[in-house]
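K.L.:
Next up is a structure, given as structure tokens.
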Amino acid sequence: MNKKQRDTINSICKKLGTSKTKFLVDNIRNHIKDEISVIEIQEWTRLSPQYSKEVVDLIRSFECHESICIALEMQDEMYSDKLKDSTSTRLVMTSPITGNRIGHTLGNFRKIIETANKEIILVGYVFNNIEGQMDPIIESLMSATSRGINVKIFFEKGASAKTLNNIWKKNKESVPPELFVYKRKDKNSVLHAKVLIKDDDVILVTSANMTGSAMETNIEFGILHEGKLAMDAKKMLYDLIEKGYMVKDN
31 MNKKQRDTIN SICKKLGTSK TKFLVDNIRN HIKDEISVIE IQEWTRLSPQ YSKEVVDLIR
91 SFECHESICI ALEMQDEMYS DKLKDSTSTR LVMTSPITGN RIGHTLGNFR KIIETANKEI
151 ILVGYVFNNI EGQMDPIIES LMSATSRGIN VKIFFEKGAS AKTLNNIWKK NKESVPPELF
211 VYKRKDKNSV LHAKVLIKDD DVILVTSANM TGSAMETNIE FGILHEGKLA MDAKKMLYDL
271 IEKGYMVKDN
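To convert a position in the sequence shown, counted from 1, into our numbering, add 30.
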């Protein structure tokens, strides 16, 4: 399939939507041995005569009708998945003001952790719990490990890991998370990412560090996404462990 064919198929699927694309495919299959006219395309799609002619030219550019049907079905599926991904991505922020459909950083952190089914991965540059400001998230993490959720936390430096580990030691009934620190191989390199991953399908990428100020008083922006990007990010972190860039610190 050449670029012109791909572009035309993509345009058809966007113009028609899933139901109309399926209707077009069904009609092409019903006329698999027949020559299809511009008028027939117009009747099936309600497209303009000029655009209907482009569709006819597209059909004729394929060796057989079944080939164009498969190409249309594949493109429609890809387009539908793209739309699904775009609607499952939303803004999360810490701010003195709020907006419609904007989630709050602290609330989303807790919700993600508390709804995990098997695994939580938390990546941060720094962690501190001045005046107990991070207690809500610590409580959520302790609850997660206690119910068997595998929790991995990645830090830039051992000081943050030590601080969190000391908090855990005070609660001996709670299973501690796996703590990792960045073993840099370039002195100018730092772990600066702030990421929260739930299971294989939810990821929050944010400017917020694991501090009370970031969760409550700063202005921080993040993107919460439900989809396969979470698995891609998780795989990258596991690769960093395997290659020795992340080492256990507890």
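We treat Cβ as the ideally placed atom computed from N, Cα and C, and that holds for glycine.
Looking only at its chain, what residues have a beta carbon closer than 6 Å to the beta carbon of Ser-125, apart from the 5 residues adjacent to it on each side?
P.N.:
Ile-249
K.L.:
Quick one: Cα of Gln-35 to Cα of Leu-88, how far?
P.N.:
Their Cα atoms are separated by approximately 7 Å.
K.L.:
Whose CA, out of Leu-209, Ala-101, Glu-96 and Gln-163, lies closest to the CA of Gly-242?
P.N.:
Gln-163
K.L.:
Can you have a look at Val-225 and say buried or exposed, based on whether 16 or more other CB atoms are within 10 angstroms of its CB?
P.N.:
buried
K.L.:
Just tell me which of Ile-58, Glu-70, His-134 and Thr-135 has its CA closest to the CA of Ser-97.
P.N.:
Per the Cα distances, Ile-58.
K.L.:
Output the residue ranges of the alpha helix (DSSP H) runs that lie fully inside the stretch 172-228 and measure 4 residues or longer, sorted by chain position.
P.N.:
188-199
K.L.:
Could you give the C-beta distance for Met-172 and Ser-204, rounded to a whole number, given that I count them as a contact under 8 Å?
P.N.:
4 Å
K.L.:
Cα-Cα, which of His-255, Thr-38 and Tyr-212 is closest to Ala-223?
P.N.:
Tyr-212
K.L.:
Which same chain residues, not among the five before or five after Thr-193, have their C-beta less than 8 Å away from its C-beta?
P.N.:
Phe-157, Asn-158 and Asn-159
K.L.:
Where does Ile-233 sit, in a helix, a strand or coil, going by DSSP?
P.N.:
strand
K.L.:
Pairs of beta-carbons, one from the stretch 244-260 and one from the stretch 178-186, closer than 8 Å: are there three or more?
P.N.:
Judged by Cβ distances under 8 Å, the stretch 244-260 makes no contact with the stretch 178-186, as fewer than three pairs qualify.
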